[in-house]
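Following: one structure in structure tokens, then a few remarks.
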Amino acid sequence: MNTKPSSNSNYRFHLSLLHPRHWLIWIALALYFIFTLLPMPVIDRVAYWLGGVSAKKNRKRFNIAKTNLTLCFPGKSTEEIESMVTEHFRSQLRAVMHYYILWWRPVATIRKIIHQSGFEQVAQYQQQGKNIIILLPHNVGLEFAGVAISMEYETATPYKPMRNPVINWMVAKGRLRFGKKIFTRADGLR
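Going left to right, the sequence shown walks through residues 2 to 191 as the working numbering numbers them.
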């Protein structure tokens, strides 16, 4: 396995991100930014609606989730499973719509929104000079959990680069905002 050190400088803004082939993404991000100026209940209603649309349109992902949940909950009816999958899509879209909080809101605001509990053991182990690995489930609130931890502790986290370089820059910038170190599979795990 390759064990070269992670280079967070790979995620700095480059002029190539302004190439005309990326203009639609920049326009979408600008519209998203304007959208985030709306009240939170409006954003949540739109996310709820978009999540329902996404569940209907993305049949491949819907069916994968449905199969997995059917295997996990054999006693549930097809309707119950489909309702769970649709709610997952809605929660996922809501989480994505809330990324603006992590990307653009002041740190003081984020500290008011994110509530931490159960970190006493982390502090205890740190005082003993021990390194700590925190395993987070890959779920809809993952970005917020990572921020909650990295706002208080020095962290390093795996990162899978996005295909679109503008989105990749934006997401990586959001993760790096709180002093987090990120590494890819190419960087190695050590």
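Just so you know, even glycine gets a beta-carbon here, dropped at the ideal spot from N, CA and C.
Bridge partner(s) assigned by DSSP for residue i
i, result
"residue 159", "184"
Spatial neighbours of residue i in its chain, beta-carbon cut-off 7 Å, leaving aside the 5 residues before and after
i, result
"residue 135", "150"
Residue i, enclosing alpha helix (DSSP H) - first and last residue
i, result
"residue 90", "79-98"
"residue 143", "143-151"
"residue 106", "It is not in any alpha helix (DSSP H) - residue 106 carries neither H nor E in the DSSP assignment."
"residue 60", "60-73"
"residue 168", "166-177"
"residue 36", "24-36"
"residue 129", "First-last for residue 129: undefined, no H or E at that position."
Classification of residue i by the beta-carbon crowding that lies within 10 angstroms, buried from 16 upward
i, result
"residue 189", "exposed"
"residue 54", "exposed"
"residue 181", "buried"
"residue 46", "exposed"
"residue 99", "buried"
"residue 28", "exposed"
Close Cβ partners of residue i (< 6 Å) along its chain, the five nearest in sequence each way excluded
i, result
"residue 115", "149"
"residue 65", "none"
"residue 16", "none"
"residue 49", "91"
For residue i, the nearest candidate out of the options (CA to CA)
i, options, result
"residue 157", "44, 133, 49", "133"
"residue 13", "186, 60, 174, 180", "174"
Same chain, Cβ closer than 8 Å to residue i, neighbours up to 5 away in sequence not counted
i, result
"residue 86", "56, 63, 66, 67, 70"
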